[in-house]
Structure formats: C-alpha cells, structure tokens
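**Student:** After the structure tokens below, expect a handful of questions from me.
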Amino acid sequence: MATDTDAFDGFDVNGDLDRKRLYGRLFVGVCFLSTLVGVVALVLLIADLVYESWGWLSLQFLTHPPSYFPENYLPGGRGAGIYPALVGSIFLIILTAVFTVFLGVGAAIYLEEYAPDNRTTRFIEANIANLAGVPSIVYGLLGLAIFVRGAGLGSSLLAGALTLTLLILPIVIVAAQEAIRAVPSSQRQAAYGVGATKWEVTRDVVLPAALPGIMTGTILSLSRAIGETAPILMIGAATSMFTIPDSIFGPFGAMPMQVFEWATQPQAEFQHIAAAGSVVLLTVLLVMNGTAILIRNRYDTR
Amino acid sequence: MSSVDISSGAVNDRGTFIARVVFFSCALVTVLTTFGIIAVLVAGSIPFFRAVSIFEFFTGTEWSPIIRPRSYGVLPLIWGTMIIVVGSAAIALPVGVLTAIYLSEYADGRVRRVLKPTLEILAGVPTIVYGFFAISFITPQIQRVFPETGTFNALAGAIVVGIMIIPMVSSLSEDAMSAVPDPLRNAGYGLGATKFEVSTQVVLPAALSGILASFVLAISRAIGETMAVTLAAGMQPNITFNPLSEIQTMTAYMVQVGISDVSVGSIGYQSLFAVGLTLFVMTLAMNVASQFIRARYREVYE
C-alpha cells in the first residue's frame, strides 16, 4: 500500500459533529445534482427530438427517398423520407460486420491464445489502446487516401465499410479479448489432455464458449459505427442519395450523412425532418443495443 | 493456478501453424493502421509545407486556404478547438467526478441500476444527433438570455461536447474509485471520519491517477469531436474571447473541405492533411499522457 501519508494532516476530529454532518449532506446533494445533469440532458434530448419530429414521422418517411421540398415529407404529401440512407446504413453495417468479425476475432485469438509474452506483443497491445483514441475524422483521411484514392475504390460502399472497420477494430478486439479471457483455462486443459491440437482447442473449445461475449461486443461496436458521420463524410459518402446502393462498388448514402444534410438546410421545416431522421437513427441503434443485451442475458446464466 | 498447464506439450500440427499465421496477420492489421495513418498524414502534408512554411502555419493568425486573399495560419482553428475544450471541460470534469463519487460511494444498488444504463445511453448517442440537439434546443435557450447570439456560437458547441464527455469521465473515474479497497475506507471511519471526509480525503486522493487519466482522455475526445461542433459552433475561423461568436475548430475545417468540391492536389486539399496531422499529434500526445499518468501515479493495492 502506498498512500501518501506525508501530505495527510489527519481528520478534523475536534470539529463540531453537527457542522460536519451538514457539510456531508450538502456534499451528497451536490453529487446527486451532478448525476442528474447527465440524466436531465438525455431526457431533454429525447423530448426535443420527439417534439421537433412530431407529425413529420410516418411510415412513408421510411419508404421514400428524400426530397428538396419540405412539404413532400408531411403525411398526405407526395412522400419523401430516409429510405435510401436507411438501406445504405444497413448495407454498410453488414459489410463492416463481415470484416470486423474476421479481423477482430482473429486478432483477439492471436493475442489471448497464441502470442508469446514478448516486446512485439506488448507493442501490438499498446498500439491498439492508442488507436482507440484516434479521432474518427482522422480515420476518414486514412480511408480517403488508402481506399478511395490508393486502391481506386472511389467513394463506394466498400471503401466506407473498410474505413469503419479500421475505426471500430480496436474496440472489437478488446471486447473479444475479454470474452476469450473469460473462458475457464480448465476447459482448454481438458481438451489438451485428450490430445487436441492448439487449433482444435481454439476452434472447438475457446470460440464456442466465447461466442456470446464476442457477439455482444461486436454488435455494440457496430452500433457505434452506424452513428459515425465524420469518417464516411471524409471518404465522400453522398449527402443525399435518392436510390439504394446497387453494388458494393457503387456510391451510397447513410443515415448520419442524411441527417447532417437536413440539419444544414436553411429552411426551418427541414429541422423537423432532421429530427425525424435522428429518431430513426436512434431507433436502429436501440434495436442493435437491445439485441446485444438480449444475447448477453440469454447466455450469461449458463 | 491449481491446474497444470499442458498446452506446451500439444501437437504442433499444420492446422495450428496456419491458424497462428492467419491470426497474427489479423493482429498485424492494427499495427499497419497506425503506420498507415502516420504515413498518409505526413505524405499528404509534405506538399502543403513545400508551399507554406511551418513557421507561417503555426504563427499566422489568419486562416483562409481556399478563399482569396489566401493565408495559412492555423492558430484560429487551434483557438477554436481550445475554446471548445476549455468550455466542455469546465462542464464535464466537475460534473463527471461528482457523478462518479455519487455512484461509487453513495448510491445504493437500485439507484445505480437506473443511473448507470442512463449514462451509457448518453455515451452511445451519435455525435450528429448531439449536433442537432445543440442547434434545435441549446442555441435557442442561449438566445433567450443573450438575444444577440447567432445561429452558430462556441458556447452551444462547448455545452454539447461537455454533455457528450460526462459519461467518459464518470465511468472511468468510478472504476478508479471502486478499485480503492474497503479497508482503506474503514481505516478512515475507525479514526472517526465522516462519510464526507472518507470520500473526499481518502477515496478521492487514492483514485486520483485514474481520475486524472479520465480527464486527459475526455479532453482528447473533445479535441477530436467533429460533427457536434461543426453543426453548433460554425465554420468561421476566429480568434475571439467571446463565447457567443461563431468559430471554427480544426475538425470543422476538415468537414468544410470534405463537403466542398476542392480539387485533389490543390492547396485546400493539401491543407486537409496538414490540419489532420496537427490534430492527430495533439490527441496522440493526450492519449500517451493519460497512459503515463495512470502507470506513473497508480496506487497498487494487494
């Protein structure tokens, strides 16, 4: 124990106990009020979105492409909405999921099961921690230079998915590592004891046991990716797409980009449409997080 | 560990060899990402710094690389970022720590089960939605008090970024406080300390390294924050002490170039990488500082 006792000059035991109790109560009050700041902010944010989008959010908002005329978005109008961006975001996330699951789980297995405890491994681990702190817009510049220009993919769905993959890879790896670490060592030893090779232990013992944890972590990371705007903005995702992506090499729209486009329109009506778009985006996020929590609870009680 | 590790005696077959190579390649992607980021930013900045001296870049007080008369002083962008950082830190650091004290020391299990998920939701809201919340709710409230405030102002940006990083400070600080062992608290009580004294004079100093590390990480996040400040604080590079005026952060400038059709190879395009490099170096320094604080000043308990 290494508490700094030199600087500590003892408790004020001679002080009036009533006064100290009063300070204590005031302090709890201040702490509680601070806790409420975050809660109130969240309530205000949701209330603001509901208030602003009220009357603008309908089923046809989900099934129509955007329009330059705000009145088209109103129920009973010609129909306009978020459809291409919604589908674009879903395609983007599915593609990102394919890459991140492969790379993230692979890297986590290497670090937990195969890596020797040497300088290279420690460098890789420290590097992952640092990558998690790089601003997302910098990943956008990386994607722009490497995937859009370097590899000649253009501002395509594939370039967007690869950029988002690199962005969330550090989070997925850390989550997958935790899930793998939670697999009891005795299970591995039992498999080795009956003659399994290391690869067989990885495939038949570690991965099945760690799968729920890996899936929960991956879905939570993907829900971060679906809300990201800056990286796909830098790689040139369309601000407004009127059709859904026709191939992974084609242009794409995404919900956060579409909300950004609406929020920056000069006409006041578009603020309501941006709010409606935000509600759809948050709903998709809620569904993803709910799924992750369901998986966690379903398998946690083994 | 009670069991004997027999994995070293496992058969080293071809499957295991291939698995090791594949999984190592996955881990290598993260290292390549770091090198890729550095290479892209440095290579992209070189043409810019051929045209503009580094001295002019870091000392000039006018930033206008696209519109004539052109000038290339990055200080107004750094100033804009700093206003957001100072303003958001003034909100998030005290609120976050007091929230952490409440959750770790005072709240009972039932309250925690409600408050913690609420803060996690706050952390999961996409930044674009925060940006919309700033222009549709926070700015109108500011305008009620200061009617001369424009649509874009630094204050709304700082407030919304402050709200965004509260969960980061509170959850990391709470982890640090929960790691303080109970015997330390009980020793304080044994000396006749009140709960208030134990919280502020025992737990807080013992968890200080973790709390400071969370501060630095939160500030790093505020520096790199993009969409919320772009929507709320505006696109006008400006060295000002007035929080109600429009500013531009480094990240908002990158968005401005990203959504405009600046041609590849132009000085405007190249400036993107110079600003990106500056941003990357600043956040990297903060992340390394945070790890240093945690490692250097950590109290280790048996």
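If you read the sequences in order, they're chains A and E.
Residue numbers for the first sequence follow the numbering used here, so the first one is 359 and each next one is one higher.
Residue numbers for the second sequence follow the numbering used here, so the first one is -2 and each next one is one higher.
Yeah, the Cβ is synthetic: ideal placement off N, Cα and C, and Gly gets one too.
(1) In terms of residues, what are the limits of the alpha helix (DSSP H) holding Q140(E)?
(2) For a contact meaning CB atoms closer than 9 Å, what does L38(E) contact in chain A?
(3) Would a C-beta distance cut-off of 8 Å place I495(A) and G207(E) closer than the cut-off?
(4) Given a cut-off of 8 Å, decide if E619(A) and S598(A) are closer than it, judged by their beta-carbon atoms.
(5) Just how far apart, CA to CA, sit E53(E) and G70(E)?
(6) List the residues of chain A whose Cβ lies closer than 8 Å to the Cβ of K192(E), in chain order.
(7) Closer than 7 Å, Cβ to any Cβ of chain E: which residues of the stretch 462 to 478 of chain A, in chain order?
(8) Beta carbons nearer than 7 Å to chain E: which residues of the stretch 403 to 415 of chain A have them?
(9) Shorter than 8 Å from the beta carbon of T560(A) to some beta carbon of chain E?
(10) Which full runs of the alpha helix (DSSP H) of 4+ residues lie inside the stretch 125 to 180 of chain E, going along the chain?
(11) Evaluate L522(A) with the Cβ neighbour count: other Cβ atoms within 10 Å of its Cβ, from every protein chain shown; 16 or more gives buried, anything less gives exposed.
(12) The alpha helix (DSSP H) spanning P609(A) covers which residue range?
(13) According to DSSP, is S260(E) helix, strand or coil?
(14) How would you list, in chain order, the residues of chain A whose beta-carbon sits under 7 Å from the beta-carbon of R17(E)?
(15) So, with DSSP's three-state summary, where would you put Y426(A)?
(16) DSSP state of A554(A), grouped into three classes?
(17) Expressed to the nearest angstrom, what Euclidean distance is found between the alpha-carbon atoms of A151(E) and V166(E)?
(18) Below 8 Å between beta carbons is the criterion; list the residues of the stretch 67 to 86 of chain E that meet it against any residue of chain A, in chain order.
(19) Hey, is T223(E)'s beta-carbon within less than 8 Å of any beta-carbon in chain A?
(20) Would you verify that the beta carbon of D364(A) is, or is not, closer than 8 Å to some beta carbon of chain E?
(21) Of the residues that make up the stretch 136 to 168 of chain E, which ones have a beta carbon closer than 8 Å to any beta carbon in chain A?
(22) Quick one: what's A466(A) bridged to in DSSP?
(23) Please classify W60(E): does DSSP put it in a helix, a strand, or coil?
(24) Between T227(E) and the rest of its own chain, which residues show a CB-CB distance below 6 Å, the 5 nearest in sequence each way excluded?
(25) For D475(A), report the span of its alpha helix (DSSP H) as first-last.
(26) Let me confirm a value: Q267(E) is counted as buried when at least 16 other C-beta atoms fall within 10 Å, else exposed. Which label applies?
(27) Classify A190(E) as helix, strand or coil using the three-state DSSP reduction.
(28) Closest to L205(E) by CA distance: which of P66(E), A97(E) and D258(E) is it?
(29) How would you call I156(E), buried or exposed, if buried means at least 16 neighbouring beta carbons within 10 angstroms?
(30) Quick check on A596(A): does DSSP put it in helix, strand or coil?
(31) Excluding the 5 residues preceding and the 5 following V272(E) in the sequence, name in chain order all residues of the same chain whose CB lies nearer than 7 Å to its CB.
(32) Please report the straight-line C-alpha distance between G508(A) and G501(A), rounded to a whole angstrom.
(33) With 8 Å as the limit, tell me which residues of the stretch 592 to 615 of chain A have their beta carbon closer than that to any beta carbon of chain E; keep them in chain order.
(34) Determine which residues share a DSSP beta bridge with Y69(E) and list them.
(35) By the three-class DSSP mapping on this structure, what secondary structure does P566(A) have?
(36) Between A519(A), G413(A), Q545(A) and N655(A), which has its C-alpha nearest I606(A)'s C-alpha?
**Tutor:** Well, looking at it:
(1) By one-based count along the second sequence, residue 140(E) stands at place 143. Unbroken alpha helix (DSSP H) run through Q140(E): T136 to V142.
(2) The count along the second sequence starts at 1 and reaches residue 38(E) at position 41. Here the neighbours are V496, L499, L500 and A503.
(3) Here residue 495(A) refers to the residue found at position 137 when the first sequence is read from its first residue. Here residue 207(E) refers to the residue found at position 210 when the second sequence is read from its first residue. With respect to the 8 Å criterion, I495(A) and G207(E) are not classified as neighbours on the basis of their beta carbons.
(4) Reading the first sequence from its first residue, position 240 is the one you call residue 598(A). Reading the first sequence from its first residue, position 261 is the one you call residue 619(A). Yes, they are a contact pair.
(5) As a first step, residue 53(E) is located in the second sequence; it is residue number 56 there, counting from the start. As a first step, residue 70(E) is located in the second sequence; it is residue number 73 there, counting from the start. E53(E) and G70(E): Cα-Cα distance of roughly 6 Å.
(6) Here residue 192(E) is taken as the residue at index 195 of the second sequence, counted from 1. Simply G382.
(7) So the list reads G464, A465, I467, Y468, L469 and Y472, given in the order they occur along the chain.
(8) L403, D406 and E410
(9) Indexing the first sequence from 1 puts residue 560(A) at position 202. Chain E, which has a Cβ nearer than 8 Å to the Cβ of T560(A), makes this yes.
(10) 136 to 142 and 151 to 175
(11) As a position in the first sequence, residue 522(A) is number 164, starting the count at 1. Result: buried.
(12) By one-based count along the first sequence, residue 609(A) stands at place 251. Where P609(A) is concerned, there is no enclosing alpha helix (DSSP H), given that its DSSP letter is neither H nor E.
(13) Against the second sequence, residue 260(E) aligns to sequence position 263. Coil, per DSSP.
(14) As a first step, residue 17(E) is located in the second sequence; it is residue number 20 there, counting from the start. Chain A residues near R17(E): Y472.
(15) Residue numbering aside, residue 426(A) sits at position 68 when the first sequence is read from its first letter. In this structure, Y426(A) counts as coil in the three-state DSSP scheme.
(16) Residue mapping note: residue 554(A) aligns to position 196 of the first sequence, counting from 1. A554(A) falls in the coil class under three-state DSSP.
(17) Position 154 of the second sequence, counted from the first residue, corresponds to residue 151(E). Position 169 of the second sequence, counted from the first residue, corresponds to residue 166(E). Going from the Cα of A151(E) to the Cα of V166(E) covers about 22 Å.
(18) none
(19) The residue given as residue 223(E) occupies position 226 in the second sequence. Contact of T223(E) with chain A is assigned, a C-beta pair being separated by under 8 Å.
(20) Position 6 of the first sequence holds residue 364(A). Confidence at D364(A) is low in this model, with a pLDDT of 49, below 50, so the placement of that residue should be treated as unreliable; the coordinate-derived value is given next. Answer no: the Cβ-Cβ gap between D364(A) and chain E never drops below 8 Å.
(21) If the cut-off is 8 Å between Cβ atoms, the stretch 136 to 168 of chain E has I160, I163, P164 and S167 near chain A.
(22) Within the first sequence, the letter at position 108 stands for residue 466(A). According to DSSP, A466(A) bridges with nothing at all.
(23) Start at 1 with the first residue of the second sequence, and residue 60(E) comes out as number 63. Correct three-state label for W60(E): strand.
(24) Working through the second sequence from its first residue, we reach residue 227(E) at position 230. Same-chain partners within the cutoff: A249 and V252.
(25) The residue given as residue 475(A) occupies position 117 in the first sequence. First-last for D475(A): undefined, no H or E at that position.
(26) Residue numbering aside, residue 267(E) sits at position 270 when the second sequence is read from its first letter. Buried, since its Cβ has 16 or more Cβ neighbours within 10 Å.
(27) Your numbering for residue 190(E) matches position 193 in the second sequence. Coil, per DSSP.
(28) Counting from one through the second sequence, the residue named residue 205(E) turns up at place 208. Comparing Cα positions, the closest option is A97(E).
(29) One-based indexing of the second sequence puts residue 156(E) at position 159. Buried, by the Cβ-count rule.
(30) As a working note, residue 596(A) is residue 238 in the first sequence. Strand at A596(A).
(31) Here residue 272(E) corresponds to residue number 275 of the second sequence, with the count starting at 1. Within the same chain, V272(E) has close Cβ partners V71, L74, M247, Y250 and M251.
(32) For the purposes of this step, residue 508(A) is taken as residue 150 along the first sequence, with counting starting at 1. For the purposes of this step, residue 501(A) is taken as residue 143 along the first sequence, with counting starting at 1. Near 9 Å, if we compare the C-alpha coordinates of G501(A) and G508(A).
(33) M592, G594, T597 and P614
(34) As a first step, residue 69(E) must be located in the second sequence, where it is residue number 72. Paired residues: W60(E).
(35) On the first sequence, residue 566(A) is found 208 positions in, with the first residue counted as 1. Helix.
(36) Indexing the first sequence from 1 puts residue 606(A) at position 248. The candidate whose alpha carbon is nearest that of I606(A) is A519(A).
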